[in-house]
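Engineer:
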Amino acid sequence: MIKSYEFRRGQSSLFLVLCALCAALCIAVLLYMVGYVFVQGASYINFDFFVQTPRPLGESGGGAANSLVGTLVMVGIASLIGIPVGLGCGILVSEYAGPRLGGAVRFLADVLSGVPSIVVGIFVFELIVVRQGHFSALAGAVALAVIMLPIVARASEEMLKLVPVSQREAALALGIPRWRTVASVVLPAAMSGLVTGALLAIARASGETAPLLFTALGNRFMTTDINQPMDSLPLHIYRYAIGPYDQWHQEAWASAFFLIMIVLVVNVCARLLATRLRGGMG
Amino acid sequence: MNLKLVATDTVARRAGSLPIGDWLFRGVVYGSGLALLAVMVAMVYELADGARPSFAKFGFGFLTGTTWDPVKEVFGALPLVYGTIVSSIVGLVIAVPISIGTAIFLSDLAPAWLRRPASYLIEIIAAIPSVILGLWGLFVLVPIVRDPIQKLLGDNLGFIPLFEGPRFGLGVLSAGIILAIMVVPIITAVSRDIFLAVPNSQREAMIALGATRWEVISQAVIPYARSGLIGAGILGFGRAIGETMAVTMVIGNGFKISPSLFEPSHTIASAIASEFSEATYDLYIAALVEAGLVLMAISLIINILARVLVGTLVRVPATVRE
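Quick mapping for you: the protein sequence lines, in order, are chains A and B.
Start counting the first sequence at 1; every next residue gets the next number (the working numbering).
Start counting the second sequence at 1001; every next residue gets the next number (the working numbering).
#1: Given that A:Gly243 touches chain B, what residues does it touch there, using C-beta distances under 8 Å?
#2: Use the C-beta contact count for B:Pro1097: other C-beta atoms within 10 angstroms, 16 or more gives buried, fewer gives exposed.
#3: What's the gap between the Cα of B:Val1044 and the Cα of A:Ile128?
#4: With 7 Å as the threshold, decide whether the Cβ of A:Ser12 is near any Cβ in chain B.
#5: Mind listing the chain A neighbours of B:Asn1253? Cutoff is C-beta to C-beta under 7 Å, in chain order.
#6: Counting only C-beta atoms, is A:Arg100 closer than 7 Å to chain B at any point?
#7: Chain B beta carbons: is any one of them nearer than 7 Å to that of A:Ala210?
#8: Could you tell me which uninterrupted beta strand (DSSP E) segments, each at least 3 residues in length, are contained entirely in the region 1148-1227 of chain B, listed from first to last along the chain?
#9: In chain B, which residues lie less than 7 Å from A:Phe123 when you measure between Cβ atoms?
#10: Shortest alpha-carbon distance to A:Leu31 belongs to which of B:His1266, B:Leu1133 and B:Gly1254?
#11: DSSP state of A:Met222, grouped into three classes?
#12: Any contact of the region 1178-1190 of chain B with the region 1084-1095 of chain B, i.e. 3+ C-beta pairs under 8 Å?
#13: Can the beta-carbon of A:Asp48 be found less than 7 Å from the beta-carbon of A:Gly58?
#14: On the CB-based measure, 16 or more other CB atoms within 10 Å of its CB, does B:Leu1138 come out buried or exposed?
#15: Check distances from the C-beta atoms of the region 10-38 of chain A to those of chain B and list, in chain order, the residues that come in under 7 Å.
#16: Specify, as a first and last residue, the run of the alpha helix (DSSP H) that A:Tyr36 falls within.
#17: Below 8 Å on C-beta distance, what does B:Gly1031 contact in chain A?
#18: Using DSSP's beta-bridge definition, name the partner residues of A:Met230.
#19: Going along chain A, which residues have a C-beta under 7 Å from B:Trp1136?
#20: Taking its Cβ as the centre, do 16 or more other Cβ atoms sit within 10 Å of B:Tyr1281, making it buried, or is it exposed?
#21: Can you give me the start and stop residues for the alpha helix (DSSP H) that A:Phe107 sits inside?
#22: For A:Gly63, name the three-state secondary structure that DSSP assigns.
#23: Assign B:Val1071 to one of three DSSP states: helix, strand, or coil.
#24: Are the region 147-157 of chain A and the region 74-89 of chain A touching, with three or more C-beta to C-beta distances below 8 Å?
#25: Can you tell which of B:Tyr1224, B:Gly1252 and B:Arg1192 has the C-alpha that lies nearest to the C-alpha of B:Ser1265?
#26: A:Pro234 and A:Leu217 - do their beta-carbons sit closer together than 7 Å?
#27: Contact between the region 1033-1042 of chain B and the region 1215-1226 of chain B: three or more CB pairs below 8 Å?
#28: Counting C-beta neighbours from all protein chains within 10 Å, is the total for A:Tyr245 16 or more, i.e. buried, or is it exposed?
#29: May I have the straight-line CA-CA distance separating B:Ile1194 from A:Asn46, to the nearest angstrom?
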C-alpha cells in the first residue's frame, strides 16, 4: 500500500515535534532540578553556614565550615597529584608516543574513567586505609586523584592535538630541543584548553561522594590534619539527607545549593575558556 | 604527524646527542603513562586480594547465591547483580528514546543558533554531583513516583507482576528514573556526534528521492548510525550500573529478588555504599570487596564493548563524565 502524501507529511511533523519535545523535556528536568535546589537552598543558607561547625541536634544554627575546609583540602591535594600525572599522560599520547603506545595509554585512560567511583573508593580503602589502619583525608585525596587523572589525561591530549604541527616544526627548525618545544611552545599554545581540562576535573572531584565514603569517612569536627578522617560537602549532604530530622534536611539543601553553585560556576568558566581556544585557532 | 616527530627523536638519539633536558622530560612523561598503568594494575590486584577470604569461602557460588545475610554470614551476590541490571534496564528504557530524539533534534532539526546552547545545557546535567541528584530524588522524585505514578500503574496495570507490590516510592522504579536522568547526557552526546558523522550525501540522496524529513532520518540517518547508537546505549548502561550515590538514596535497601519494580532493592554499588560502614567482620568486608570486583569486571567489559561499537566514528567527549 502506498501511503498518501498527506499521511507522510503528517507523520513527519509528528515525529519531528516528538524529537523537539524530547529535547525540551531534558532541559525542563535540568531547570526544575537546579531551580529546586536553588530555591530550597537559598532559603536555608546563611552566614553561619560558612563559619560554624555542625551543632548537636536540637540546637539551632551551626554550619558546614568543616566540610568546606575538608573539600578544599582534599580536592587541593588531589589536584596536586592528579593534574600533573594526567597532563603527563596527555603529553605522552599527543607528543611522544607512536600510534601503538598512544592508543594503549588512551585506552587505559578511557578504561579508568569508566571504572565506577565506588570501586575507586574500595581500591583506595584496601591500598591505604587497611595498611595504615585508620581512615584519613590523605586516602580521600588519593581516591579523588584517581578520579581526576583520566579526565585530565583525555582532555589535555585532545587540547594538545589542536595545536598546529607547523608550530612544533617551526620550533624544532630553530634548533630548540624537543622538550623545550613542548614546554615553551606547545603547552602555552594549548594553555586555555589545558586549564579547561583541569577545571572540569576539579569540578568533578568536588562533587564526588562515593570514593570518600570509606577513605576520608567524614568528620563532625573541624580538622586540617590530613592523617585524620575529614569531612567534605558531598559527604555532609549524604549524611544529612538520609538522616531522619527536618533540620538536617534543611542543612543538606543549603550545602547542595553551595556545592551546585561551585560546580556550575567552575564548569561554565571551563567551557568559556575552551570556546576561546577553539575560536582562537579556527 | 607524530611519526615524523618521533623520527627526529630517533635520529638525534642515534647520533648520541639527545640533550639531558630531553631525557628528563621524556622520563617524566613516560613515567606518567606508567603511573596510569600502575593504578589500573594495583586496582585489580588490591580488589582481588581484598576479596580473597570471600572467594575462598563461597567460590563461584558467590555469584549464584540468592541470600545476602550478614547475620548468618552468608553472602550471595545474585540479588545485587539482579538489582543492578534491572534498575539499569529501567533507566535505559526511559533514557534511550528520549536521548535519541534529543540527539536528532540537536543534529538535524534545531536551528543553528540553538544547537550549541542546547547541547551545552544537556551536558550540564552530567556535571551535577550524584549526591545532589540523590537529594532531589529523595525529596522530590520519590513522592511523585509514589503518587501519581505508582498509584496509576498499580491501579490500572497491577495485574502485571512488574507493577505489583508496595507503593512506597522508594524502590527500583525511582532508581531507574534517576538513572535515566543521569545517562541521558552521555547517550545524547554520543548519538548526536554519530548523527553528525553521517555523511550529508546520505541525507541528500534521500531528499532527492522525495522523502519527507522524518523519512530521511528514519531511513537514511538512523540505519547508517545503527551500530554507533547501540554502542551509545551500552555506554549509558555501563555508566548506569556503576552509579552509586543517587541510587543508594532512592532504591530503598532490599535484598530480595522480586519481579516488581515497586519493591525496594539494592544494586552492587548501593549495597557497598550503605553496608560498608556496618561491615563489622572481615568476611563481610571481603564479600563487599568481591562485589566491587564483580562490578568492576562488568563495567570494564561493557565499556570496552561499547567503545568497539562506537569505534572510530566518534570519541566520547572528555567533557561528558561517565
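Cβ coordinates follow ideal geometry from the N, Cα and C atoms, glycine included.
The model shown is predicted, which means the values in this text are computed figures rather than measured ones.
Structural biologist: Once the coordinates are examined:
#1: Neighbours of A:Gly243 on chain B: none; closest Cβ ~11 Å, over 8 Å.
#2: exposed
#3: Going from the Cα of B:Val1044 to the Cα of A:Ile128 covers about 15 Å.
#4: It does; some Cβ of chain B falls within 7 Å.
#5: Near B:Asn1253 there are no residues of chain A at all, since even the closest Cβ is about 10 Å away, more than 7 Å.
#6: By this cut-off, A:Arg100 is not an interface position.
#7: For A:Ala210, the answer is yes, since a Cβ of chain B falls inside 7 Å of its Cβ.
#8: Considered as a whole, the region 1148-1227 of chain B harbours no complete run of any beta strand (DSSP E) with no fewer than 3 residues.
#9: Met1043, Glu1046 and Leu1047
#10: Considering only alpha carbons, the answer is B:Leu1133.
#11: Coil at A:Met222, not helix or strand.
#12: yes
#13: no
#14: Classification for B:Leu1138: buried.
#15: Near chain B, meaning a CB-to-CB distance below 7 Å, the residues of the region 10-38 of chain A are Gln11, Ser12, Phe15, Leu16, Leu18, Cys19, Ala20, Cys22, Ala23, Leu25, Cys26, Ile27, Val29, Leu30, Met33, Tyr36 and Val37.
#16: Tyr5 to Tyr44
#17: Gly88
#18: A:Leu217
#19: Met33, Tyr36 and Val37
#20: exposed
#21: Pro99 to Gly114
#22: coil
#23: coil
#24: yes
#25: B:Gly1252
#26: The answer is no: Cβ separation not under 7 Å.
#27: no
#28: exposed
#29: 46 Å
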